[in-house]
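Peer 1: Chains as they are written, first to last, in this note's numbering: chain Y, 1 to 146; chain G, 147 to 292; chain A, 293 to 438; chain F, 439 to 584; chain P, 585 to 730; chain W, 731 to 876; chain B, 877 to 1022; chain V, 1023 to 1168; chain H, 1169 to 1314; chain X, 1315 to 1460.
Quick reminder that beta carbons are idealized off the backbone N, C-alpha and C, glycines included.
Below is one structure. I have some questions about it.
Protein chains: 10
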Amino acid sequence: MDRVEALGVIRSKRQEKKMTFQALGQAVGRNPVYVAAALNGQQRLGPEEAGKLAKALGLTPEVAEAVSAFPVRTDFPITTDPFKYRLMEIVGVYGDSLRDMANEMFGDGIMSAIDFTMDMEKVTGAQGEARVKITMNGKWLPYKEF
Amino acid sequence: MDRVEALGVIRSKRQEKKMTFQALGQAVGRNPVYVAAALNGQQRLGPEEAGKLAKALGLTPEVAEAVSAFPVRTDFPITTDPFKYRLMEIVGVYGDSLRDMANEMFGDGIMSAIDFTMDMEKVTGAQGEARVKITMNGKWLPYKEF
Amino acid sequence: MDRVEALGVIRSKRQEKKMTFQALGQAVGRNPVYVAAALNGQQRLGPEEAGKLAKALGLTPEVAEAVSAFPVRTDFPITTDPFKYRLMEIVGVYGDSLRDMANEMFGDGIMSAIDFTMDMEKVTGAQGEARVKITMNGKWLPYKEF
Amino acid sequence: MDRVEALGVIRSKRQEKKMTFQALGQAVGRNPVYVAAALNGQQRLGPEEAGKLAKALGLTPEVAEAVSAFPVRTDFPITTDPFKYRLMEIVGVYGDSLRDMANEMFGDGIMSAIDFTMDMEKVTGAQGEARVKITMNGKWLPYKEF
Amino acid sequence: MDRVEALGVIRSKRQEKKMTFQALGQAVGRNPVYVAAALNGQQRLGPEEAGKLAKALGLTPEVAEAVSAFPVRTDFPITTDPFKYRLMEIVGVYGDSLRDMANEMFGDGIMSAIDFTMDMEKVTGAQGEARVKITMNGKWLPYKEF
Amino acid sequence: MDRVEALGVIRSKRQEKKMTFQALGQAVGRNPVYVAAALNGQQRLGPEEAGKLAKALGLTPEVAEAVSAFPVRTDFPITTDPFKYRLMEIVGVYGDSLRDMANEMFGDGIMSAIDFTMDMEKVTGAQGEARVKITMNGKWLPYKEF
Amino acid sequence: MDRVEALGVIRSKRQEKKMTFQALGQAVGRNPVYVAAALNGQQRLGPEEAGKLAKALGLTPEVAEAVSAFPVRTDFPITTDPFKYRLMEIVGVYGDSLRDMANEMFGDGIMSAIDFTMDMEKVTGAQGEARVKITMNGKWLPYKEF
Amino acid sequence: MDRVEALGVIRSKRQEKKMTFQALGQAVGRNPVYVAAALNGQQRLGPEEAGKLAKALGLTPEVAEAVSAFPVRTDFPITTDPFKYRLMEIVGVYGDSLRDMANEMFGDGIMSAIDFTMDMEKVTGAQGEARVKITMNGKWLPYKEF
Amino acid sequence: MDRVEALGVIRSKRQEKKMTFQALGQAVGRNPVYVAAALNGQQRLGPEEAGKLAKALGLTPEVAEAVSAFPVRTDFPITTDPFKYRLMEIVGVYGDSLRDMANEMFGDGIMSAIDFTMDMEKVTGAQGEARVKITMNGKWLPYKEF
Amino acid sequence: MDRVEALGVIRSKRQEKKMTFQALGQAVGRNPVYVAAALNGQQRLGPEEAGKLAKALGLTPEVAEAVSAFPVRTDFPITTDPFKYRLMEIVGVYGDSLRDMANEMFGDGIMSAIDFTMDMEKVTGAQGEARVKITMNGKWLPYKEF
C-alpha cells in the first residue's frame, strides 16, 4: 500500500470514528494543526506518536507507518480553493508591509517556514461575531554576510 | 502628482526622518502594520489620520491626501521575494490542514481577508533565539445556503 | 464510494428521471442554483435536505450522504468553456467600473462571494428575444481599519 | 493627446468636481455602470452624449472626443484585485451550475456578454446589513446548427 | 458507458466503415464540419439526426444517444498541434486588422462564435496548387448601450 | 523616427482624413485586410505601394518608408480582447474537426498561414440580420516524407 | 489496441531486437530521423513501408497499421528535457539573427516546418572531439501579398 | 550610451549603408550568422573585430565597444514570431526522435549549444523551389558518471 | 514491467533493507549522489554496476536492467517542494552575481550541467550547528566564436 | 537618485576602473560573490563596508549609501539566460536525489538559503580542462514538530 492510499485510509477512519483533530492532537500529544498536517502528508509523526495514532483510530501497523515517512511537499500554493485563496490574498495585500516591519524590527532576513509553529483558535469579536485567530511563530533568520 | 509618486515621497520622508512604523502608528493612532499597508498603497487613512501623518512627517496637504484615495490592490501573490515566498509556502504546506480544522470548528466557510486585522511581534524562543510572531484575526464567514 | 463518484451517480439519476433543477429545488426546499451547485460538489446540503434529495431521486443513503460532505472547491476559473468564459469576460470588461461604483456607494471593500446568493431567470427582451437574467446578492464587507 | 491620457483627465475632473457616477449617468442619459465603463475605456459614448459629458465636467472638445473612439478591451480577467477576484471566484464556484441551469432552461448556447446590460444597487439584508445586488441581463444565443 | 467512450466508439466505427465526413454529412442531413464537431463532442445532433447517424454507422441506440447530450467545450485553444496552431497564428497576425475592418463596417461589437457556421473546401490556386478555403459566417453582435 | 511611431502617425492620418480601409485598399491597389495589416505592422507594402499610400494620406517620405520594413510579428494570440477571443474560441471548438476534415480531403499536412489570403465581408442572414463573412484561403502544405 | 499502445509495442520490439534506427531506415527505405519520428507518433509511414517495418521487427498487421494513422502532434516544445532544451535555447539565442539573415537572403517569410527534412550525423571536430551535425532543409515560404 | 542603444545605432548604420550580413561577415572575418548574433547582442566580437566593424560601418569607438561587452542572453524562446515559431515546432515534432538517434549514435548526453556553430544557406529544391538549409554543429557532451 | 515501475521496486527494496545511499554508493562503486540520481531515473548505471546494485538489494535481473536505460529527464524545476525551492531561490538571488564572477574568471560561457559532478556533505558550523555543504564541479564551456 | 540608478553607477565605475570582484572583495573585506550580490542589489553592505567600497571606486557618499538599503529580492528564477538556466537544470536533474540524501543524513528539513554562503573557484580537471567549482554552505533547518 503506498503512502497516499494509507493516508486516505487514516482520514476515512477519523471521519468514521467522528474523532476531531482536537481530540486526535491530545491522543497523539501534538498540536492539532500539526496532526492535521501529518494526515495531509505535509508533516510526519515519530514511531511512538504513530503508535498512539494507530491506537486512537484502530489502524493496522502498516497503515500507521505511512505517517512516519519523509513528506514530499508539492502542494502548489496557487489555488482557487476559496479558503486557501484568502490566505494568499493576505500575503498579496500585506506582504510588503510585513517585510518593511520585519526590516525595522530585525534587519534583513526572513521568518522561517521550517522552524515554525502555527495555531488556530475560535474567538469572539466586538459585535459578538465568530472570528478565526491564526498565530504563526517562526524563527527569525538573518541573511548571513560572508 | 499621482498616487504612486505621492506614496514614494511619503516613504522617502519616513526614511529621512528615521521614523519607525511603531512611532508612526502611535502618531496616527493605528496599528503599525495598518500604517505600513497604507504607505504601500494597500489600505487608506481617513482625512483626520492623514492630517496626523502629514504633521508627523512634514508633508504638504496634496501629498498627504494620497493616502486617503481608494486603493486598487493588484500586487500579485506569486512572488520570488524570499520574505513573501515563505508566507506563501506556509499556505501550501498548512492550507489544507487549516481548512480541515476550520471545517471542524466552524463548518463550511472562510476566514475573511477584509474584516481582518494583523499583528507582528518580536518574541524570544526557548533557545533564546529571536522569533517572529504574526497574529491574524479574521471574521468567520459561513457559506450562505439559499 | 468516494465523493466524486457518488455525485456522478446522483447526476445520472437526475437525467434518467428527467427531473429538472426547478423541480429538484422545490423537492429539497432550496433555490435551484444552490441545488445544482450541490450536485456539482460546490455546495452542501444538510442531512434533512439530503434525505429529501434521496427520496426525490431514489438514492441509497450512502450516495445521498455525499452531498453533505464539506466541499473542496478547486474548479479553476480560467476556462475555455464558452458559457463560463462569457461570465469571466464580463468581469474583465466591467470589473473596474463595478469597483468604482462600489467605492462610490459603499466605500472601500468587496461584495462577499460567501455570504452570497444567486438567481437565474428566463426573461423576454424588447425585441421579443429570450434573455438570461442573473441576479447576484452578496453582503458588503468594508475593509477593516485597525 | 492619446486616449489613455484623455480618459485620465476625465476621471480626474470627475473626482475634482466630486460628481458621482449616479449624477453623471443622469447628465449623460445612460446607466451609471455604462458611464463608468466608458470612463474606464471599455465602452463608448456617442457624440451627443460625449457633449453632455463635456458640459457636466467642463471638458475641452478634444478631451471629450476620446470617449467616442472604438474601445480596445484588453483588461485581462486574471486579477489579484480583491474586488474583481470575488466576481471571478463566483464564476469558478457557480459556473458549471449556471450552465446546467441554462441548458435546462434554454438548450445549448451562451448568455451574450455583448448584447448585455448590468446594474448595481445597494440593498438591505434580513439582518439589516448592507448588501450589493448586481443584475446581469444578456441575450440568449443558441448554438447554431448547420 | 460515458460520453467520451461512446464518442470514441463512433469515431472507430467511422474509420472501420471508411465513411467520409462528406458522406456522413449527407446521411445525417448536416454540414460535414458540423458532423465532425459532433463526433468530437463539440456540437450535438438532435434525436432524429442521431438516429440517422446510428443507421449509417450501425450503432447501438445507447451509443448513438451520446451525440445528443449537451457538450461541455473545454478544449483549450493554446495548442502545439501544427494544424491548429496555424489558425491561431492567423488570429495573432490579422486579428487587430480584422477588428479595425469590423469597426469600419459595423461599428463596435464582435462576430458571434455561437450563431456561427463554417465551411471547408478544396480549391485550386493560380499555380495549380491545392488550397484550403475556410469560410466563417457569424452574426454581428453590436455592443449594447444601456 | 522608429517604426512603431511612424505607423502611429499613419493611423492617425487615416482617422483624421476619415479614409476607410476600403478606400485605402483601392488607392494602394491591395485588399483592404492586407492594407490594415500593413498599418498594424504585420505586413509590408512595396516601395511603389508605399508611395501611393503616402499620396493618399499626405505622408512625408520618411513616414511612408516605415510600411516597407520587414515586419517582426510578435502580437501574441492569447488575448482577452473580445473580438479576437471569439476567433480563438472558434479554433478551440472547431479545430480538431477541421483537421479531421483536412486529413480526409488532403492527407497529412496543414493550411499555410503564410501563402495565405483573407477577406472580410458584410452579408445579410436569413432573418435579415447583419453577418460577418470571413474567407481564408491558404495553400495546402503536405508533410514531406523523407 | 489504440495507437499509443501499438507504438509502445513497436518501440519495445526494436529494443528487444537491438535494431538501430539506421538499420530500420534502410529496411523501410526512409531517412532514420523520419522513421524515429514515425515510431514516436509524429510522422506516418505508408501501407507498404508499414509492411516492411512489420517484417523487420516481426509485428502483427494490427500493430503495424498504427504507424499509418494520421498523427496528432501535441508534444509541447516547452520542455525541461536537457537534450531538447538545448535546441530551444539555440532558437532563443540565434532566432532573431536567422530571421535577419533570411530577410536578407529571401525577403519576408518563413522556412516551412512541413515541407521539411532533417538529418543527423556524427562528425569529428578540429580537436578530434565527437560533434553532432544537424541539417535542416525547409522550403522557403514568402508571405503572400494580396 | 548603454549597450541596447549602441546596438540599435549599429543596426541602423548597417541598413543605412545597405551592407549585407554576408559583406559584414567578410569585413569582420567571421560567419555572417555570428555577426548577426553580435549585432543582436547575443554574441560578442573581440576588440580587433570590433575595430573592423567600426571601419566597415563608420562607427565611433564608443559605439563599436558595445559589441565587445559580455552578453546577457535573456531572449525567451516562447515566441509568436512566425519565423522563430517554426523552429520551435521542429523541436516539438522531431525532438524526441533526435534524442533517440543521439542515444543510438553517442550514448547518453546532449549536443552543446555553447561549443556550437551554425550556418544558413539558400539552396534549390527538386521542383526548382527556393529552400533554406540550416546546419548546426555542436560538440557532443556525454553525461559524466561520478 | 516499465521503467517507472522498476525504479519504484528498487527504491522500495532499498527502504526495506534500510540501506543508505552511502552504503549503496560503495557497493556500486559510485558517488552516492549519482546513485540516488540513478534510482530517481535521472542518471544510468552501466550493466556491471547494475549487477552490483542487484546483488546489494536482491533484485531480479529484469528489474536491475531498468537503471541502465537512457534517462528521459523531464522533472520540471519549477517546484513548490520546500527543499528544492531553496536551491532555486539561490539561483534567483545569486545567479547574476555568479555569471558576473564567471565572466571575470573565464570570459563568456557557462558551467556545464552535463560534464558535471556533485557532492553533499554534513559539516559543523562555527556555532556548532549542522550545515549542508554542496559542491558542484562542472566543466567550463566557452561560447564558440565562428 | 533611486537605488537601481545608484547601483548602475557603481557597476559602471567598477568597469571603468577595471577592478575585479576579487580585488573589490579584498578592499571591502568580504567574499567576492557577496560583493557581486551587493552590486546586483541582492545583498547589502554595512555603512563601514560601504565606505570602503566608496573609497575603492571613488563614489560619492550618496551613491555609496545605496548598497546599505534593505534589498527587495524579486529576480525570478525562471530564466532563459543560458548561464543561470544550467544551474536550474541541475536542480531539476539532481533535486530529488539531494533531498533523498539530506533525509538520510539529517532527517526532514531543508538547507537554509538565508544562513548561507557561497564560493566560486576556477579549478583544473583531469584532462587539464578549466572547471568551475561552486561550493554552497547552508545551515540545516529541521522541520519543527509542535
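1. If contact is defined by three or more beta carbon pairs under 8 Å, each pair taking one atom from either stretch, is the segment 1399-1416 of chain X in contact with the segment 1193-1208 of chain H?
2. Exposed or buried, residue 1265 of chain H, counting other C-beta atoms within 10 Å across all chains shown (16 or more means buried)?
3. For chain F, find out if any of its Cβ atoms is closer than 8 Å to the Cβ of residue 218 of chain G; answer yes or no.
4. Excluding five sequence neighbours on each side, which residues of the same chain lie with their C-beta closer than 7 Å to the C-beta of residue 605 of chain P?
5. Taking contact to mean at least 3 C-beta pairs separated by less than 8 Å, is the segment 536-548 of chain F in contact with the segment 557-564 of chain F?
6. Considering just the uninterrupted stretch of the alpha helix (DSSP H) at residue 1114 of chain V, what are its terminal residues?
7. Does residue 67 of chain Y pass the burial test, meaning 16 or more other C-beta atoms within 10 Å, or should it be called exposed?
8. I'd like to know if residue 591 of chain P contacts chain F, where contact means its C-beta is closer than 8 Å to some C-beta of that chain.
9. What do you get for residue 818 of chain W, buried or exposed, if any count of 16 or more other CB atoms within 10 angstroms of its CB means buried?
10. Check the Cβ-Cβ distances between residue 666 of chain P and every residue of chain B, and say whether any is below 8 Å.
11. So, are the CB atoms of residue 1050 of chain V and residue 1075 of chain V less than 8 Å apart?
12. Tell me, please, whether the CB atom of residue 1218 of chain H is closer than 8 Å to any CB atom in chain B?
13. With distances taken Cα to Cα, identify the nearest neighbour of residue 933 of chain B among B:881, B:888, B:945.
14. Give the straight-line distance between the Cα atoms of residue 690 of chain P and residue 698 of chain P, rounded to the nearest whole angstrom.
15. Roughly how many angstroms lie between the CA atoms of residue 1219 of chain H and residue 1233 of chain H, to the nearest whole one?
16. Which two residues bound the contiguous alpha helix (DSSP H) that contains residue 550 of chain F?
17. Which stretch, first to last residue, makes up the beta strand (DSSP E) that contains residue 1007 of chain B?
18. Assuming residue 170 of chain G is part of the alpha helix (DSSP H), what are its boundary residues?
19. Starting from residue 1282 of chain H, find everything on chain B with Cβ-Cβ shorter than 8 Å and list it in chain order.
20. Which first and last residues belong to the alpha helix (DSSP H) in which residue 344 of chain A is found?
21. For chain B, check one thing: does any of its Cβ atoms lie closer than 8 Å to the Cβ of residue 863 of chain W?
22. Using a Cβ cut-off of 7 Å, pull out every chain D residue sitting near residue 20 of chain Y, in sequence order please.
23. So residue 108 of chain Y contacts chain X; which residues on that side make the cut at Cβ distance below 7 Å?
24. Does DSSP put residue 1209 of chain H in a helix, a strand or coil?
25. Of all Cβ atoms in chain X, is any one closer than 8 Å to the Cβ of residue 965 of chain B?
26. May I ask you to report which of helix, strand or coil DSSP gives residue 1094 of chain V?
27. Our contact map puts residue 550 of chain F next to residue 576 of chain F with C-beta atoms below 8 Å; I'd like the distance itself, whole angstroms only.
28. Closest Cβ-Cβ distance between residue 182 of chain G and chain Y: below 8 Å?
29. Anyone know if the C-beta pair for residue 1454 of chain X and residue 1212 of chain H falls short of 8 Å?
30. For the candidate residues W:814, W:760, W:800, W:756, whose alpha-carbon lies nearest to that of residue 1037 of chain V?
31. Consider the Cβ of residue 287 of chain G: report whether some Cβ of chain A lies at a distance smaller than 8 Å.
32. Residue 256 of chain G and residue 266 of chain G - do their beta-carbons sit closer together than 8 Å?
33. Considering only their Cβ atoms, is the gap separating residue 1223 of chain H from residue 1139 of chain V smaller than 8 Å?
34. Under the three-state reduction of DSSP, which class applies to residue 1027 of chain V: helix, strand or coil?
35. How would you call residue 1388 of chain X, buried or exposed, if buried means at least 16 neighbouring beta carbons within 10 angstroms?
36. Between the Cα of residue 188 of chain G and the Cα atoms of F:546, F:580, F:521, F:541, which residue gives the shortest distance?
Peer 2: To lay it out plainly:
1. yes
2. buried
3. yes
4. 616, 619, 620
5. no
6. 1104-1128
7. buried
8. no
9. buried
10. yes
11. yes
12. no
13. B:888
14. 18 Å
15. 8 Å
16. Element bounds for residue 550 of chain F: not the alpha helix (DSSP H) but the beta strand (DSSP E), 547-562.
17. 1006-1018
18. 167-174
19. 958
20. 339-349
21. no
22. The displayed structure is made up of protein chains Y, G, A, F, P, W, B, V, H and X, and chain D is not among them.
23. 1358, 1384, 1385
24. coil
25. yes
26. coil
27. 5 Å
28. yes
29. no
30. W:800
31. yes
32. no
33. no
34. helix
35. exposed
36. F:521
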